[in-house]
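Under this note's numbering, the first residue of the sequence shown carries the number 10, and numbering increases by one thereafter. Glycine included, each C-beta is placed from N, C-alpha and C at the ideal position. All figures in this text were calculated on a predicted structure; none of them were measured in a lab. A short write-up of the structure that comes next.
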Amino acid sequence: HLPARTRSTSSRDCIAAEGSRTRDGESSRRYPCGVGTGEHTRHVVLLSFRVDAPQDRLREIEAAFAALEHQVPGIIDLEWGINESPEGLDQGFTHCFLVTFDDAAARDGYLTHPAHLAFGESLRPLLGRVLVVDFVAGA
């Protein structure tokens, strides 16, 4: 698999409005500007794949999903990884993608964007299940 990553498309940092404080009173939690502050729409995608899905195709799918960040306007951050939870509550979902959008309108544009639609079609033959949840942090 590709290494899971966390990367902001912005080099600016903002201090989270909440979280633990250092001795000098500054927040110890940093987020990309706006991310984590409740200003943006988050799109959580959980995927499980068929048991016969070839590992090389899974790597291609991971890379294709991550590439959407550079193809679809309004995506300000994309994080993803493979389940590592020891709780046993994953219900078979193996991959988690968290996409942060400027706002709900940007998310709506993503849903109908040709790159997203093509990605969905390429994924379909190997897909077991998908679960999607959207939210605005702190709303």
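Per DSSP, the bridge partner or partners of residue i
i, result
"Glu71", "Bridge partners of Glu71: none, in fact."
"Asp143", "His52"
"Val108", "His52 and Leu87"
"Phe58", "Leu136"
Pairwise C-alpha distance: residue j and residue i
i, j, result
"Ala75", "Ala127", "14 Å"
"Leu135", "Thr103", "13 Å"
"Pro95", "Ala72", "25 Å"
"Arg68", "Leu56", "13 Å"
"Ile91", "Asp99", "11 Å"
"Val142", "Asp112", "15 Å"
"Ile85", "Val60", "33 Å"
"Gly137", "His122", "23 Å"
"Thr50", "Leu107", "10 Å"
"Ile70", "Leu132", "7 Å"
"Gln48", "Ala146", "First, the residue type needs correcting, since residue 48 is Glu and not Gln in the sequence shown. In a straight line, the C-alpha of Glu48 is about 7 Å away from that of Ala146."
"Leu120", "Gln64", "27 Å"
Residue interval of the beta strand (DSSP E) (run including residue i)
i, result
"Leu77", "That residue, Leu77, is in no beta strand (DSSP E); it is neither H nor E in DSSP."
Enclosing alpha helix (DSSP H) for residue i [first to last residue]
i, result
"Asp117", "Ala113 to Thr121"
Assumed close pair residue i, residue j - CB separation to whole angstroms, cut-off 8 Å
i, j, result
"Val81", "Ala114", "Incorrect: roughly 13 Å between the Cβ atoms, too far for contact."
"Val139", "Val53", "Not really, about 11 Å apart at Cβ, beyond 8 Å."
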